[in-house]
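Residue numbers (our numbering): 23 to 236.
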C-alpha cells in the first residue's frame, strides 16, 4: 500500500489518509489497505491495535444527507473512503468535557478515476458521523465493532445548537443550499436528538473526554 500522507484536521483526532493508485492506459490498480503498512507509519500508531469487524457499503443519490450517527456498547470507529462520486463527510465531537465538544467539521472527498490517489477519513469513537452527497456516490467504511442494535443513536444534522466555527465556510454554504432544496433524508435522521437534548440523556455519559498525559 502506497501511503502518501496523513493529515490532521481541525478536530485533531480525525485524520485523512491519502494513498496512491497506479495508473496506466487500462485504468488503475490500488492497494486500499495493508495492515503492515499502516503499522509502519508513526502518525497511524493509534490504529495499530485496532481491529475491523465489519465493512459497509452504501449508495447515495444527489441531495442525500445521512447522520449524524454514533454507537456505544461497543463504541465504533470508522475508516471511510469514497469509491465513486463525491461525499462530503461531516464529523461532530460528542465527548463531554472535550475542548471541541459540539464543534462540527466537514471534509470534501470526491473520487475520480483519473486521479492517482484516493483517501480514507478516520472517524474515531466519541464522534458523531454523517455525510452529504452532490452526485451519485458509493462509499465504503470499515468499522472497529459490529452494529449493535439498541446501542446507537444520532444527532440531527439540522440541529440548531451545533458549533460551525471550525467548518470550511464553502462546504457549510453548500450544505445550507442543499438542505433548503430537495433534501433526501430519513425521518429518523431529521428528527434525531438535538445536541442539547442528547447532552441531557444519561446515555451521553458513554462518551467522556479523557486528556492523555504526556
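Beta carbons are placed, not taken as given, at the ideal position from N, Cα and C, and that holds for glycine.
By the Cβ-count criterion, residue 48 is exposed, with fewer than 16 other Cβ atoms from all chains shown falling within 10 Å of its own Cβ. For the 8 Å CB-CB criterion, residue 39 and residue 142 form a contact. In terms of Cα proximity to residue 23, the closest of 96, 191, 212 and 53 is 53. Around the CB of residue 230, fewer than 16 other CB atoms lie within 10 Å, so the residue is classed as exposed.
Counting C-beta pairs closer than 8 Å gives fewer than three between the region 216–225 and the region 200–207, which falls short of the contact rule.
Between residue 162 and residue 105, the gap from beta carbon to beta carbon is short of 8 Å. Annotation: the region 166–222 contains the following complete segments of the beta strand (DSSP E) (minimum length 3 residues), in chain order: 174–176.
In this chain, the alpha helix (DSSP H) harbouring residue 57 covers 57–62.
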